[in-house]
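Chemist:
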Amino acid sequence: MKNLSVPLENYNDQNIFARILRGEIPCKKIYEDSYALSFYDVFPKAAAHALVIPKKPYICFNDFINQASDEEISGFFKAVGKTIALLGVSERGFRMVSNSGEHGGQEVTHFHVHILGGEKLS
Ligand code: AMP
Numbered sequence: 005m006k007n008l009s010v011p012l013e014n015y016n017d018q019n020i021f022a023r024i025l026r027g028e029i030p031c032k033k034i035y036e037d038s039y040a041l042s043f044y045d046v047f048p049k050a051a052a053h054a055l056v057i058p059k060k061p062y063i064c065f066n067d068f069i070n071q072a073s074d075e076e077i078s079g080f081f082k083a084v085g086k087t088i089a090l091l092g093v094s095e096r097g098f099r100m101v102s103n104s105g106e107h108g109g110q111e112v113t114h115f116h117v118h119i120l121g122g123e124k125l126s
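For what it's worth, our numbering labels the leading residue of the sequence shown as 5, then goes sequentially.
1. Distance check for I24 and I88, CA to CA, integer angstroms please.
2. Could you check what DSSP says for K82 in three-state terms: helix, strand or coil?
3. Secondary structure at L125, three-state DSSP: helix, strand or coil?
4. According to DSSP, H53 sits in a beta bridge with which residue or residues?
5. Report whether the distance from the Cβ of D45 to the nearest heavy atom of ligand 1 is below 7 Å.
6. Return the CA-CA distance between L8 and G108, expressed in angstroms with no decimal places.
7. Following the continuous beta strand (DSSP E) through F43, name the residue where it begins and the one where it ends.
8. Where does F115 fall in DSSP's three states?
9. Give me the Cβ distance between V112 and N19, rounded to the nearest whole Å; I'm assuming they're in contact under 8 Å.
10. Answer yes or no: do S1 and A54 have a C-beta to C-beta separation smaller than 8 Å?
11. Sort V84, S104, E95 and E76 by Cα distance to I119 and report the nearest one.
12. Any heavy atom of ligand 1 inside 7 Å of the beta-carbon of N14?
13. When you compare the CB positions of G122 and A40, do they come within less than 8 Å of one another, or not?
Structure follows, in structure tokens:
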């Protein structure tokens, strides 16, 4: 069977989120702890649009869920929850999306979760 997934051994440390983590380019930070960083998407697709990324170099969801420790996975998703609260979308609702690999339309090859809200989404 043809393998359509991103080759997991090829983490590109020049991707834009790796550069944000190294402080080489700025971001509008929402939340940070030892597991994750969240910041506003530079091209928002909703009134409120945040991205949450793990601190360690995982390419996509599959890479993260298969390689990260239980502590990292738990720490990451708790940071997603904190970001949702800080973004102010907890009460009225939001959409949580992770594009993964070629067919998922993933553009930046550092695993990330989008949080979209702040308005009624189509
Ligand atoms: P994806 O298609 O899931 O890989 O989404 C990547 C997201 O990263 C897009 O929504 C972009 O708008 C966003 N993005 C790209 N560069 C930056 C940046 N420098 N700061 C914040 N968000 C960015």
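Ideal Cβ positions, reconstructed from N, Cα and C, are used throughout, including at glycine.
Modeler: Result, derived from the coordinates:
1. 20 Å
2. helix
3. Looking at L125 - three-state DSSP - the assignment turns out to be coil, as it is neither helix nor strand.
4. L120
5. yes
6. Annotation note: pLDDT 44 at L8 (below 50); position unreliable, coordinate value reported separately. Taking the straight line joining both Cα atoms gives about 11 Å.
7. A40 to Y44
8. coil
9. 6 Å
10. In the structure as shown, the chain begins at 5 and stops at 126. Residue 1 is therefore absent and cannot be evaluated.
11. V84
12. No, ligand 1 has no heavy atom inside 7 Å of this Cβ.
13. Taking 8 Å as the cut-off, the Cβ atoms of G122 and A40 do not count as close.
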